[in-house]
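Trainee: Under the UniProt record's numbering, the letters of the sequence shown match residues 1 to 88, in that order.
Mind having a look at this structure? Questions to follow.
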Amino acid sequence: MLLHVLSKKLNGDLRLINDFCALNQVSFTSEYFFPGITDAFHKIKGAKVFSKLDLEKGSYQIEISALDRHKTAFTRPFGKYEFNRVPF
């Protein structure tokens with residue numbers, strides 16, 4: 001069951017907050033080795049171009065696979081909704 005609530009933003013607008021804890025409990029997890037900082041520095045040695053990624057306003061930027069969107073579905077009196085992008 002997906003729990004969702006409305007929260008007021010600082011500017012007075014409303015934000016929908018979803019609790020995906022139940023989904024996380026039954027989701028498949030894969031282990032991924034995250035390289036240490038030393039390994040990362042060795043890989044970028046000699047590089048001439050670098051970029052910076054600002055994730056301050058990253059909500060709804062990552063697309064959810066069409067095969068997995070049903071997992072984010074919730075129903076309200078006025079319809080059923082599924083996220084197309086990862087919510088914050």
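By construction, the Cβ of each residue, glycine as well, lies at the ideal position given by its N, Cα and C atoms.
#1: How about Arg-85 and Glu-63: do their beta carbons lie closer than 8 Å?
#2: Locate the beta strand (DSSP E) running through His-70, then write down its first and last residues.
#3: Taking DSSP as the reference, what is the three-state secondary structure of Lys-9?
#4: Taking DSSP as the reference, what is the three-state secondary structure of Lys-43?
#5: Terminal residues of the continuous alpha helix (DSSP H) containing Leu-55?
Mentor: Looking at the coordinates:
#1: By 1-based counting over the sequence shown, the position of residue 85 is 85. By 1-based counting over the sequence shown, the position of residue 63 is 63. It is a contact, given that the beta carbons lie within the stated cut-off.
#2: Here residue 70 refers to the residue found at position 70 when the sequence shown is read from its first residue. Where His-70 is concerned, there is no enclosing beta strand (DSSP E), given that its DSSP letter is neither H nor E.
#3: Here residue 9 corresponds to residue number 9 of the sequence shown, with the count starting at 1. In this structure, Lys-9 counts as coil in the three-state DSSP scheme.
#4: Here residue 43 corresponds to residue number 43 of the sequence shown, with the count starting at 1. Here Lys-43 sits in helix by DSSP.
#5: Your numbering for residue 55 matches position 55 in the sequence shown. Here Leu-55 belongs to no alpha helix (DSSP H), and DSSP marks it neither H nor E.
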